[in-house]
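Residue numbers are given in numbering that gives the first Met the number 0: position 187 of the sequence shown equals residue 186, and the series is strictly consecutive. Glycine included, C-beta positions come from ideal geometry on N, C-alpha and C. The next block holds one structure in the form of structure tokens; read it before the comments.
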Amino acid sequence: MNQRTHSLAPRANPNSPIDGHVSGQTSRRTSAATAIVLIALMLAGCGAGGSAETSAMNPSPESKTITAPTSGSPSPAVSGRSVEFAVMAHGVDSDQSFRTTGANAQLRYGNGRLTGNTTIDGAPADAELLAQVNYDQGSGPFTGFWTFTFGDGSDLVLAYSGTATKTGDDTSIVGDLTVFGGTGSYASVTGGGTLRGERTVALGGDVDYRFSLTLAGLPTDRPAADEK
């Protein structure tokens, strides 16, 4: 006779108050765990996204690239040889073109030409000044050009500007000089400097000038006076 073997363990009865309570607790625990996992994943995702956005908006100092400006930097100072010389310049009456105006005839303006000779860095040269003045009672600004012509025919031209100050019968002159150009042996010369002068006679008369220059590119073979 076949007899069925029954399990001794009692079956859970979902309708039983005890069994239903246990099953409900298990279900709620599972749901709570699942919710915690989902919240953790969401927080992790937000944190990663926020970190990426923060990094993009605020890059770290190490990631910044600083490019030095390629323009606007100060030009290097001109280096060269210090050159000092003097010129006693004589007014050329036939080339003076000064005019007088003003209620009290206190204004003088116009152009003048002075010539002389000198030696620049051991090379003799003829000097010529073409100047334009704008004076009020003997004082005021001026501009012009100095041309130095050497024995081999080369020229060195300096642009000239400054101020004259008249005190009594004497006039003091202070100006700045810049190499404007040159030819022959002096075509590559650059630089500039200052000039001071003293005049004890009327405008257009002799002036004692003192030059202090820094020049680069001076010829090593200095032209002699007899090469003309």
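Assuming residue i contacts residue j (C-beta within less than 8 Å), just tell me the rounded distance between them.
i: G190; j: V178; result: 5 Å
i: A104; j: G150; result: Rounded, the Cβ-Cβ distance is 45 Å, inconsistent with contact.
i: T213; j: G111; result: Actually they do not touch by this definition, with Cβ atoms about 27 Å apart.
i: A158; j: V188; result: A158 to V188, Cβ: 13 Å. No contact.
Considering Cα atoms alone, identify which of the options is closest to residue i.
i: F144; options: L217, L113, V200; result: L113
i: L228; options: V82, M87, F84, Q95; result: Residue numbering for the chain in the displayed model covers 0 to 227; residue 228 lies beyond these limits and cannot be assessed.
i: R221; options: S184, Y108, I172; result: S184
i: L176; options: D169, A186, T162; result: T162
i: R198; options: V82, F84, A88; result: A88
i: T117; options: Y208, G216, L217, T219; result: Y208
i: E127; options: D92, G115, N133; result: G115
i: F97; options: Y108, V91, G90; result: Y108
i: D92; options: L217, G204, T142; result: G204
Who does residue i pair with in a DSSP beta bridge?
i: F144; result: L129, A158
i: A186; result: According to DSSP, A186 bridges with nothing at all.
i: S138; result: D135
Span of the beta strand (DSSP E) holding residue i?
i: G171; result: Rather than Gly, the amino acid found at residue 171 in this sequence is Ser. Note, S171: beta strand (DSSP E), 169-181.
i: S96; result: 96-100
i: N110; result: 106-119
i: R221; result: Per DSSP, R221 belongs to no beta strand (DSSP E) and is neither H nor E.
i: L212; result: 206-215
i: A196; result: What sits at residue 196 in the sequence shown is Gly, not Ala. Taken as a continuous stretch (DSSP letters only), the beta strand (DSSP E) holding G196 covers 189-198.
i: V86; result: 80-90
Does residue i come within less than 9 Å of chain C when only Cβ atoms are used?
i: S184; result: The chain labelled as chain C is not found in the depicted structure, where only one protein chain is given.
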